[in-house]
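Here the protein sequences line up with chains A and B, keeping their order.
Each position in the first sequence, counted from 1, maps to that position plus 3 in this note's numbering.
Each position in the second sequence, counted from 1, maps to that position plus 3 in this note's numbering.
Data first, discussion second: the structure below is written as structure tokens.
There are 2 protein chains.
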Amino acid sequence: MAKTDWKSKAKKLKKKLVQLKAEMELRVQDAAATVVATLAPAHPKAAKPKAGIKVSPLAPKGGFPKLPAIAGAEFAAVEAGVKYKNRKDVMLVRLAPGTSIAGVFTKSSTRAACVHDCQAKLAMKAPEGAGAAIIVNSGNSNAFTGALGQQSVDAVTGSVAEALGIPSARVFSSSTGVIGEPLPHKRITAVIDDLVAGLQNDAVDMAAQAIMTTDTFPKGSAATVQGEGGTIHISGIAKGSGMIAPDMATMLVYIFTDAKIAPAALQRMLSRNVDSTFNAITVDSDTSTSDALLLCATGQSPAAALKGAYAKTFETALHGVMLDLAKQVTRDGEGATKLVEIQITGAATPNDAHLAAMAIANSPLVKTAIAGEDANWGRVVMAIGKSGAQADRDKLSIRFGDLVVAENGWRSPGYSEESTAAYMKNQELVIGVDMGLGKAAKTVWTCDLTHGYIDINADYRS
Amino acid sequence: MAKTDWKSKAKKLKKKLVQLKAEMELRVQDAAATVVATLAPAHPKAAKPKAGIKVSPLAPKGGFPKLPAIAGAEFAAVEAGVKYKNRKDVMLVRLAPGTSIAGVFTKSSTRAACVHDCQAKLAMKAPEGAGAAIIVNSGNSNAFTGALGQQSVDAVTGSVAEALGIPSARVFSSSTGVIGEPLPHKRITAVIDDLVAGLQNDAVDMAAQAIMTTDTFPKGSAATVQGEGGTIHISGIAKGSGMIAPDMATMLVYIFTDAKIAPAALQRMLSRNVDSTFNAITVDSDTSTSDALLLCATGQSPAAALKGAYAKTFETALHGVMLDLAKQVTRDGEGATKLVEIQITGAATPNDAHLAAMAIANSPLVKTAIAGEDANWGRVVMAIGKSGAQADRDKLSIRFGDLVVAENGWRSPGYSEESTAAYMKNQELVIGVDMGLGKAAKTVWTCDLTHGYIDINADYRS
Numbered sequence: 004m005a006k007t008d009w010k011s012k013a014k015k016l017k018k019k020l021v022q023l024k025a026e027m028e029l030r031v032q033d034a035a036a037t038v039v040a041t042l043a044p045a046h047p048k049a050a051k052p053k054a055g056i057k058v059s060p061l062a063p064k065g066g067f068p069k070l071p072a073i074a075g076a077e078f079a080a081v082e083a084g085v086k087y088k089n090r091k092d093v094m095l096v097r098l099a100p101g102t103s104i105a106g107v108f109t110k111s112s113t114r115a116a117c118v119h120d121c122q123a124k125l126a127m128k129a130p131e132g133a134g135a136a137i138i139v140n141s142g143n144s145n146a147f148t149g150a151l152g153q154q155s156v157d158a159v160t161g162s163v164a165e166a167l168g169i170p171s172a173r174v175f176s177s178s179t180g181v182i183g184e185p186l187p188h189k190r191i192t193a194v195i196d197d198l199v200a201g202l203q204n205d206a207v208d209m210a211a212q213a214i215m216t217t218d219t220f221p222k223g224s225a226a227t228v229q230g231e232g233g234t235i236h237i238s239g240i241a242k243g244s245g246m247i248a249p250d251m252a253t254m255l256v257y258i259f260t261d262a263k264i265a266p267a268a269l270q271r272m273l274s275r276n277v278d279s280t281f282n283a284i285t286v287d288s289d290t291s292t293s294d295a296l297l298l299c300a301t302g303q304s305p306a307a308a309l310k311g312a313y314a315k316t317f318e319t320a321l322h323g324v325m326l327d328l329a330k331q332v333t334r335d336g337e338g339a340t341k342l343v344e345i346q347i348t349g350a351a352t353p354n355d356a357h358l359a360a361m362a363i364a365n366s367p368l369v370k371t372a373i374a375g376e377d378a379n380w381g382r383v384v385m386a387i388g389k390s391g392a393q394a395d396r397d398k399l400s401i402r403f404g405d406l407v408v409a410e411n412g413w414r415s416p417g418y419s420e421e422s423t424a425a426y427m428k429n430q431e432l433v434i435g436v437d438m439g440l441g442k443a444a445k446t447v448w449t450c451d452l453t454h455g456y457i458d459i460n461a462d463y464r465s
Numbered sequence: 004m005a006k007t008d009w010k011s012k013a014k015k016l017k018k019k020l021v022q023l024k025a026e027m028e029l030r031v032q033d034a035a036a037t038v039v040a041t042l043a044p045a046h047p048k049a050a051k052p053k054a055g056i057k058v059s060p061l062a063p064k065g066g067f068p069k070l071p072a073i074a075g076a077e078f079a080a081v082e083a084g085v086k087y088k089n090r091k092d093v094m095l096v097r098l099a100p101g102t103s104i105a106g107v108f109t110k111s112s113t114r115a116a117c118v119h120d121c122q123a124k125l126a127m128k129a130p131e132g133a134g135a136a137i138i139v140n141s142g143n144s145n146a147f148t149g150a151l152g153q154q155s156v157d158a159v160t161g162s163v164a165e166a167l168g169i170p171s172a173r174v175f176s177s178s179t180g181v182i183g184e185p186l187p188h189k190r191i192t193a194v195i196d197d198l199v200a201g202l203q204n205d206a207v208d209m210a211a212q213a214i215m216t217t218d219t220f221p222k223g224s225a226a227t228v229q230g231e232g233g234t235i236h237i238s239g240i241a242k243g244s245g246m247i248a249p250d251m252a253t254m255l256v257y258i259f260t261d262a263k264i265a266p267a268a269l270q271r272m273l274s275r276n277v278d279s280t281f282n283a284i285t286v287d288s289d290t291s292t293s294d295a296l297l298l299c300a301t302g303q304s305p306a307a308a309l310k311g312a313y314a315k316t317f318e319t320a321l322h323g324v325m326l327d328l329a330k331q332v333t334r335d336g337e338g339a340t341k342l343v344e345i346q347i348t349g350a351a352t353p354n355d356a357h358l359a360a361m362a363i364a365n366s367p368l369v370k371t372a373i374a375g376e377d378a379n380w381g382r383v384v385m386a387i388g389k390s391g392a393q394a395d396r397d398k399l400s401i402r403f404g405d406l407v408v409a410e411n412g413w414r415s416p417g418y419s420e421e422s423t424a425a426y427m428k429n430q431e432l433v434i435g436v437d438m439g440l441g442k443a444a445k446t447v448w449t450c451d452l453t454h455g456y457i458d459i460n461a462d463y464r465s
């Protein structure tokens, strides 16, 4: 008897904990929303579209934002001709001694050599007082390149280490582009002196350009928060457009801050904000072999080391920057013409909420209906049905924006084909689903599936 | 000590069992291949494309096969105008008293009213000596139609029961088409007398036409096997083109045979052949709310009741018909221009083999590469990596047809861009992946992702 009671007690506690976590996520998102509003204004001169590339219609209206310089972080980018011609394709970041670095990476079992290398290096304790660096190339992902993959990573990071006089264990690298082609790493090592010579503090926008592949616009986001005794800045950049269904980390993302914070605390903060940001977006359900997100804190702000309420404020701002970058990746989804926010509420468990949200966000039939501006909520029902999430037809309610289209297992009595059709013409859409079963919630972002996606991917490699 | 030994013993046995099951699947497939070769030849007059509908380039070259009449099964189809105009959209099958019926259905949690109804009726014991019937409409799926959904099912099946003088518990129904619109069931009940008047033994091809929605050709398959003391016939029809990622059953499939076999044995035989046939195909990863497969054995063959070697031969033939119909559905995948067979071998477990196969078969990036005739095996690596299946980069080997493109964690030394590019021009392709880890295997079928899929689905509802 006593045994059974303990079991049910534990179950109830577990359930409560799970509901609490879901509530917390929503609250963090709410909180982040207020910080996003204070993000940096657009940089008037940046983000001019390249000749011949059609910028996504969903690109942020203001162009690339003016990102604050981060004391202790310097940037450079050059043309190395790894694959692309006549564009900057390698970027270098030098980070001052004492910089804390945290990272999250793809969980793919066929991940690239540079991802394995970053993970191994982050697991080691950083040598006292050593600086650090990040080097990134576009055009070739150095994934599925056998033993040669690690040799290329060693050649590139070793070369950077020598040029900057830092341990190679503190040089992190990423590669993005085609899978399975040997990385011509000599093209990269040949330009390292030029990169080092070009390092400057206020050039993060150049780095954002250099890491693009099928991206149609560079992605940046920033926030400034008041620390204890001084201002703290956050500047982040990202690339990503296709092969986007991050699993634990995503694409290539680099976020820099002058905050003072120890590596372990920085890692914990990063990890707990990934699920509601980069792991909450999808373009095509395909998970990259190269996803990497590095967060670097130089500690050069005059503000005191983060703790208490200051740490919370900083984390909220960091979440805002991460969410903003994640949504920009979705806005640049290959072929995308509409940005869609899927809001699940009332799910029985957080996992159910996640399953239902991702099933809708990844459904080719839902995504093509959106491309066709068809309020086909029947396909939303289908996606929920196949998701594996606990669902009860008669308790579901579905809305497009504020328009309730289905409830009580049935088309809503107030449904109007005309007004939902008019709503579908918007460039940004919200599909809301209340499961009517519990308190768990999840919000994810996706884009539509159009002819543009087929055009881009039916001949990307050639 | 003894306790631990038992545990490892059990584990080893479990592993062996699992490997054995995988081997068995391959053997059944091999065996089935020989029966498929003896399938009915194409019916010279059937399967003329409708005006204005472009038949899939992957449609079987011979057109609709000549399906043998099944003693005890009669068919009729009429125009009821449920949604489509000027085409037969309702079909009726009358089955003789004593017919055994087995079924498998979608596992969707938002499945249609008629699916729930079939499941409930199959769970009941059939009244002694009662006949049975199946009525199917296209154009409206009667899914997510609230309480009215079951009322429509009751009206239609009750009406058939009355007209044929059989219990309504023996009238099974399916509906396929748009989700969430009320089924105008009076249009169906109004034509039941016409259907009954038109019933004839040799008209299964008419039924195959009436259940089409976005299908571009009707799907049929047949086999004839020698029973103990007489011949046994199998005739099957199917519909399906989009929203195809069956989960336990699939689409609408009706298979008829004159074999003598009890309902429970028939159900077991059906269930054990679904995973390697209908559950092994995918068009777009979206699972229908209406998937249903009914297998009806009238028992009117002069052959004795199935048992022993005769039962095995029959099951092999049945598997062949099921696989043929499943592949025809894939051949009619919305917008498809290429049929792709994904063969996984050497996986650690059957579940790993299934995960890897389906991840490749459903990857939008793999499917668009195939549409573009690009031998982009890097995307196959990516799909394996994200699949969740146990994988070791250095043990994978990947081939396109007979051309090994990657092995030992690296592009194959014998790789030739020219010959793989030439291979990709074929209409039917094989992607083979040996995981190099164990003995589990799985073969699945998919199609490419083209502009045609977007065209069809961006305005299907309107």
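Beta carbons: idealized from backbone N, C-alpha and C, even for Gly.
Would a check of beta-carbon distances place residue i closer than 7 Å to chain A?
i        : result
B:Met385 : yes
B:Leu368 : yes
B:Trp413 : yes
B:Thr492 : Given a span of 4 to 465 for chain B in the structure shown, any question on residue 492 of chain B remains unanswerable.
B:Ile434 : no
B:Gly134 : no
B:Thr285 : no
B:Ala362 : no
B:Met251 : A caution first: B:Met251 carries a pLDDT of 34, below 50, which makes its placement in the model too unreliable to give a value.
B:His454 : yes
B:Lys445 : no
B:Thr179 : no
Which residues bound the alpha helix (DSSP H) around residue i?
i        : result
A:Asn276 : Pro266 to Val277
A:Arg114 : Per DSSP, A:Arg114 belongs to no alpha helix (DSSP H) and is neither H nor E.
B:Gln153 : Gly149 to Leu167
B:Lys324 : For the sequence presented, residue 324 of chain B should be read as Val rather than Lys. Run containing B:Val324: Gly311 to Arg334, per the alpha helix (DSSP H) assignment.
A:Ala190 : Note on residue identity: the sequence assigns Arg, not Ala, to residue 190 of chain A. First-last of the alpha helix (DSSP H) with A:Arg190: His188 to Thr192.
A:Val286 : Unbroken run through A:Val286: none, as it is neither H nor E.
B:Gly455 : His454 to Asn460
Examine chain B for any beta-carbon lying closer than 7 Å to the beta-carbon of residue i, and answer yes or no.
i        : result
A:Ile188 : Correcting the residue identity first, residue 188 of chain A is His in this sequence and not Ile. Chain B, which has no Cβ nearer than 7 Å to the Cβ of A:His188, makes this no.
A:Arg173 : no
A:Arg402 : no
A:Arg1   : Absent from the structure is residue 1 of chain A, since the part of chain A shown begins at 4 and ends at 465.
A:Thr449 : no
A:Ala394 : yes
Along the chain, where does the beta strand (DSSP E) containing residue i start, and where does it finish?
i        : result
A:Gln229 : Lys222 to Gly230
B:Met94  : Val93 to Leu98
B:Gly142 : Ala135 to Asn143
B:Leu198 : Unbroken run through B:Leu198 is the alpha helix (DSSP H), Ile195 to Gly201; no beta strand (DSSP E).
Under 7 Å, Cβ to Cβ, is there at least one residue of chain D near residue i?
i        : result
B:Lys389 : Absence of chain D from the displayed structure is noted, the protein chains being A and B.
Taking 6 Å as the line, does the beta carbon of residue i fall inside it for any heavy atom of the ligand MG?
i        : result
B:Gly183 : This structure simply doesn't include the ligand MG, nor any ligand for that matter.
> Along the chain, which unbroken stretches of the alpha helix (DSSP H) at least 4 residues long are found entirely within the stretch 339-390 of chain B?
Replying inline: 353-365, 367-374 and 380-389
> the stretch 146-171 of chain A: which residues have C-beta closer than 9 Å to a C-beta of chain B, in chain order?
Replying inline: Ala146, Phe147, Thr148, Gly149, Ala150, Leu151 and Gly152
> At a Cβ cut of 7 Å, what residues of the stretch 90-123 of chain A count as close to chain B, listed as they run along the chain?
Replying inline: Ser111, Ser112, Thr113 and Arg114
> Any residues in the stretch 334-352 of chain A with a beta carbon nearer than 7 Å to a beta carbon of chain B? Which ones, in chain order?
Replying inline: none
>> My parser needs the alpha helix (DSSP H) runs of 4 or more residues fully inside the stretch 379-445 of chain A; what are they?
In response: 380-389 and 420-426
> Three or more C-beta pairs closer than 8 Å, one from the stretch 71-89 of chain A and one from the stretch 197-211 of chain A: is that the case here?
Replying inline: yes
> According to a CB-to-CB cut-off of less than 7 Å, which residues of the stretch 415-431 of chain B neighbour chain A?
Replying inline: none
> Hey, is the stretch 401-418 of chain B in contact with the stretch 319-328 of chain B, meaning 3+ C-beta pairs nearer than 8 Å?
Replying inline: no
> How about the stretch 80-98 of chain B and the stretch 114-131 of chain B: do they share at least three Cβ pairs that are nearer than 8 Å?
Replying inline: no
> Is there contact between the stretch 211-224 of chain A and the stretch 234-241 of chain A, where contact requires at least three CB pairs shorter than 8 Å?
Replying inline: yes
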